[in-house]
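K.L.:
Mind having a look at this structure? Questions to follow.
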Amino acid sequence: MIDLTARDREMLSGRDGAATALAMRVLVRSATLMGAESLLDIRSAHIDGCLYHGQASLDFVERLVDGGGKVRVPTTLNVGSLDLIHPELFRGGEAVQSQARRLMQAHVELGCESTFTCAPYQGRNRPQFGEQIAWAESNAIVFANSVLGARTNRYGDFMDLCAALTGRAPCCGLHVTENRLGQVLFALQDFPLERAGRDIYFAALGLLAGKHAGARIPVFDGLPTDTSEDELKALGAACATTGAVGLFHAVGITPEAPTQSAAFGGRPPPQTLRVSRADLDQTRATLSTARSGDRLVAVSVGTPHFSLAEFDQLLGLLDEQQAKPSIDFYVNTSRFILWELEQAGKLRRLHERGITVVTDTCTYITPVMRQTRGLIMTNSGKWAHYAPANIGVEVAFGSLRECVLSALRAEVVFDAP
Amino acid sequence: MTPHDAPVTRWPAAAVVTGQGSGQALLMEQPLSFWGGYDAARGCIVEAHHPQLGANLAGRVMLMASAKGSSSSSSVLAEAIRNGTGPAAIVMREPDLIVGLGCIVASELYGCHVPVLVVSSDDWRELVQRAQGRPGLWHVQAPESGAGEVRVVG
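Protein sequence lines correspond, in order, to chains A and B.
As numbered in my numbering, residues 1 to 417 make up the first sequence, in order.
As numbered in my numbering, residues 418 to 571 make up the second sequence, in order.
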C-alpha cells in the first residue's frame, strides 16, 4: 500500500478542489501500478498533452479546467498540432484545427506556460543537477536525465498533468539514485571526430543503441571530447525513438559518468557491444532508400527543436555556399528561439535565404509542408523514423551539411558513398 | 447460451486496475501500440504488420503479454473506451503503466471500469492455450482487494 503524507491525503479528499482531487486519484492509482511506496516533491513539469488524440484528450483537460485546476510547479508545454505564430502554415481540416486550438488553450488556462516546444531545456530555468522533475516527451526526458542530471521517469499522457497539478510524482524508477546506473556498454571504435557532417553519426548511433538497449540504460564510451549539447540532443532523441530509453551516460561528457566505472557503479558492464563507423553507416542506409542524385522536394530539420547554435551553423553553411535553396527548407523551433533570432537580425537573413521557420509544432505531426509526395531530407533520426508512417513521405537521411548542399541543387547530395 | 454444467476454469490474477468485464477472448500474438496501431473511431487494429490486423477489440477480453510504443497510447485507449471500441477487460503477463493509465482515466472520466489484470508466466501460458482452444465466455474480475480472477466458462 502506498504511504501518503497528510498533504497528499488532503489533496485526495477534495479540499483543494475537484481538479486536484482527480489528479491525485490518477496519480495514486498509477503510483500503485508502478510499485511506488510513496510520492515525492517535483520542481517542474513538462506536459505532452497538446496533441489531439481524440475527444478523451480534450475531456480530461476540460474536466481539470472545470474543477478549478492550476499547476503547482513551473510547467512548460510540448508541441501542439498548430503553429499559433504562423497559423497560415496549417493545411488540415477546420474541425481538427479548432479542437487542437482549444486543447492548447485549455492547458494555458491550467497555468502552463505557452512554450509549445519539445526542447524546453533550451529555454530559461532549465532543471539543475539532481532536481526531481516530472517531464513528458521522450527526447526531453532523456535530455533532462542524461545531459542535465535532473531526475524524471518516462511520463506521458495524463500522468504529467496530474504531477503538475499536485506537485508530486511516484518515488520509483529514475527518481531513485540506485536505478540510474548504466546497464549496457556501447564501446565506440572509430567515431568520427571532425565536426563537419558528424551530426548524422550521433543520430545513427542513437537509433542503433535504442534498438539494442530497449528499456535499459546505455553507456557510450568513445564519443569526441568536444561533443556538443546539440549532438547529445540528437543522440538522446534517436535512442528514445527506437528504444524506451529514459537515460544514457556518455563517459567523460555527461554529469553522472566521469568515468566508465562510475557510470556502472564500479561493477563491470553487464553487456558490451562494439560499434564501428561502418555499423553506423549501415544504420544510416537502412533509414534511407535515397541515393546521390535523386530528386528532392524539401528539407526538414529541427526535430527536436533547433537551438540558436544550430541556426548559426545553418546560416554559416548557407553563407559558405552563397546560394539560396531551390526547394522548401523547413526548420522547426520554439517561439522563444524565433524571438531571439528576430532580435539578433538572423530571422531576416534566414527568410532571405528562403528558409521557413515553423514554431509551436513539428513538420512530422501536422500538415504544414506544402509537398509531401516525394523525397524529403532530414538530419533527424526521430523525424526519419516517424515521418514515413505519420505523413507518408519518403526520407533521405543526411547531415545538416548534406541537407544544405542537397537543398541548393534540389537533389540528394551525400558526402561519402 | 452456456449450459449450466459447462466446464469452468479459474486462474488467479493481480488486479492492476479495478473493474469487471466479460466477453470472448482476443489474443494479441504480438504487442500492440494503441497509438498508431488502433483506430479508436472505427474500432480496428491498423498496425500494418500486426497479426491481428483488422480485429475489433470492442467487448472482447484482450490478452496481451506486454505493451509497446508511445505514451500517447494511453489517450487512444481512453478514447476507445469512451467510444465503445475498447476492450471489455485486459489481461497481461507484465504490468504496463501506459495501458493501465488509459483505463484509469476512462474510469475516472466516464465511469467505464475496464479492468487490467496481471497473471504469472505459468498461468499466462495456460491462458494462451485456452484462448487458442475451444470458444468460451471469459469473465474477468479485478476487485479493490487486488486478488482478481480470470474465469472461463465453456
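Backbone N, C-alpha and C fix where the C-beta goes; we use that ideal spot for every residue, glycine too.
No experiment lies behind these values; they were computed from the predicted model shown.
1) Suppose contacts are defined by Cβ-Cβ distances below 8 Å. Is residue 263 of chain A in contact with residue 244 of chain A by that definition?
2) Mind checking the segment 495 to 507 of chain B against chain A and listing, in chain order, the residues whose C-beta falls within less than 7 Å of any C-beta there?
3) Suppose contacts are defined by Cβ-Cβ distances below 8 Å. Is residue 410 of chain A in contact with residue 295 of chain A by that definition?
4) What alpha helix (DSSP H) runs, 4 residues minimum, are completely inside the segment 502 to 550 of chain B?
5) Using DSSP with H/G/I as helix, E/B as strand and the rest coil, what is residue 482 of chain B?
6) Going along the chain, which residues of the segment 441 to 473 of chain B sit with their C-beta nearer than 9 Å to a C-beta in chain A?
7) Give a yes or no on contact between the segment 127 to 141 of chain A and the segment 237 to 252 of chain A, applying the rule of three or more CB pairs nearer than 8 Å.
8) Starting from residue 406 of chain A and walking both ways along the alpha helix (DSSP H), at which residues does that stretch end?
9) Between which residues of its own chain and residue 355 of chain A is the CB-CB distance below 7 Å, once the five residues before and five after are set aside?
10) From the beta carbon of residue 512 of chain B, is the nearest beta carbon of chain A less than 8 Å away?
11) Return no unless some Cβ of chain B is closer than 8 Å to the Cβ of residue 380 of chain A.
12) Have a look at the DSSP bridge pairing and note the partners of residue 426 of chain A.
13) With the cut-off set at 8 Å, would you say residue 518 of chain B and residue 480 of chain B are in Cβ contact?
14) With residue 187 of chain A as the anchor, note down where its beta strand (DSSP E) starts and where it stops.
15) Based on Cα-Cα distance, which residue from A:113, A:87, A:105, A:174 lies nearest to residue 40 of chain A?
16) At what residues does the beta strand (DSSP E) containing residue 555 of chain B begin and finish?
17) Start and end of the alpha helix (DSSP H) containing residue 234 of chain A?
18) Pull up the CB-CB distance for residue 400 of chain A and residue 297 of chain A, whole angstroms please, since I reckon it's below 8 Å.
19) Does the beta carbon of residue 159 of chain A come closer than 8 Å to any beta carbon on chain B?
20) Are the beta-carbon atoms belonging to residue 83 of chain A and residue 299 of chain A less than 8 Å from one another?
21) Would you say residue 99 of chain A lies against chain B (beta-carbon separation less than 8 Å)?
22) At what residue ranges does the segment 260 to 321 of chain A contain a whole run of the beta strand (DSSP E), taking only runs of 3 or more?
23) I'd like the list of long-range same chain contacts for residue 457 of chain B, defined as Cβ closer than 7 Å, with 5 residues on each side in sequence excluded.
24) So residue 143 of chain A packs on residue 186 of chain A, CB below 8 Å; how close in whole Å?
25) What's the gap between the Cα of residue 310 of chain A and the Cα of residue 105 of chain A?
26) Identify the residues that DSSP records as bridge partners of residue 170 of chain A: which are they?
27) Helix, strand or coil: how does DSSP classify residue 112 of chain A here?
28) By Cβ distance, which residues of its chain are closer than 6 Å to residue 17 of chain A, with the 5 residues on each side in sequence left out?
29) Going along the chain, which residues of its own chain have a beta-carbon closer than 6 Å to the beta-carbon of residue 269 of chain A, five neighbours each way excluded?
30) Measuring only the C-alpha atoms, how far is residue 97 of chain A from residue 109 of chain A?
31) DSSP on residue 342 of chain A, reduced to helix/strand/coil?
32) Would residue 23 of chain A and residue 14 of chain A be called neighbours here (beta carbons separated by less than 8 Å)?
33) Use the C-beta contact count for residue 464 of chain B: other C-beta atoms within 10 angstroms, 16 or more gives buried, fewer gives exposed.
34) Taking the alpha-carbon positions, what's the residue 210 of chain A to residue 382 of chain A distance?
P.N.:
Taking the definition as stated:
1) No; because the gap between Cβ atoms is not below 8 Å, this pair is not in contact.
2) Against chain A - using a Cβ distance shorter than 7 Å - the residues of the segment 495 to 507 of chain B are 495, 496, 499.
3) Yes, these two residues count as a Cβ contact at 8 Å.
4) List check, alpha helix (DSSP H) in window: 514 to 527, 538 to 549.
5) In the three-state reduction of the DSSP assignment, residue 482 of chain B falls in the coil class, being assigned neither a helical nor a strand state.
6) Those would be 452, 453, 457, 458, 465, in chain order.
7) In this structure the segment 127 to 141 of chain A lies against the segment 237 to 252 of chain A, because at least three pairs of beta carbons, one per stretch, are closer than 8 Å.
8) According to the DSSP assignment, residue 406 of chain A belongs to the alpha helix (DSSP H) that extends over 400 to 409.
9) Here the set comprises 329, 331.
10) Residue 512 of chain B counts as touching chain A.
11) With 8 Å as the cut-off, residue 380 of chain A does not count as an interface residue toward chain B.
12) The displayed coordinates of chain A run from 1 to 417. Any statement about residue 426 of chain A would go beyond what the structure contains.
13) At the C-beta level, residue 518 of chain B and residue 480 of chain B stay beyond 8 Å of one another.
14) 184 to 188 is the span of the beta strand (DSSP E), which, as asked, contains residue 187 of chain A.
15) Comparing Cα-Cα distances from residue 40 of chain A to each of A:113, A:87, A:105, A:174, the minimum goes to A:174.
16) DSSP places residue 555 of chain B inside the beta strand (DSSP E), whose first and last residues are 554 to 559.
17) Looking at the DSSP string, the run of the alpha helix (DSSP H) that includes residue 234 of chain A is 229 to 242.
18) Contact doesn't hold; Cβ gap of about 18 Å is too wide.
19) At a cut-off of 8 Å between beta carbons, residue 159 of chain A contacts chain B.
20) Between residue 83 of chain A and residue 299 of chain A, the C-beta spacing is not below 8 Å.
21) Chain B, which has no Cβ nearer than 8 Å to the Cβ of residue 99 of chain A, makes this no.
22) 272 to 275, 298 to 301, all fully within the segment 260 to 321 of chain A.
23) Within the same chain, residue 457 of chain B has close Cβ partners 493, 496, 497, 500, 502.
24) The pair is not a contact, with the Cβ atoms about 18 Å apart (cut-off 8 Å).
25) Taking the straight line joining both Cα atoms gives about 30 Å.
26) Residue pairing for residue 170 of chain A: DSSP places it in a beta bridge opposite A:39.
27) Three-state result, residue 112 of chain A: coil.
28) Once the five neighbours on either side are set aside, the close Cβ partners of residue 17 of chain A are 67, 68.
29) Closer than 6 Å at Cβ, skipping near neighbours: 185.
30) Approximately 18 Å between the Cα atoms of the pair.
31) If DSSP states are grouped into helix, strand and coil, residue 342 of chain A belongs with the helices.
32) Against a cut-off of 8 Å, the Cβ pair of residue 14 of chain A and residue 23 of chain A comes out as no contact.
33) Within a 10 Å sphere around the beta-carbon of residue 464 of chain B sit 16 or more other beta-carbons, which makes this residue buried.
34) Taken atom to atom, the span from the alpha-carbon of residue 210 of chain A to that of residue 382 of chain A is near 11 Å.
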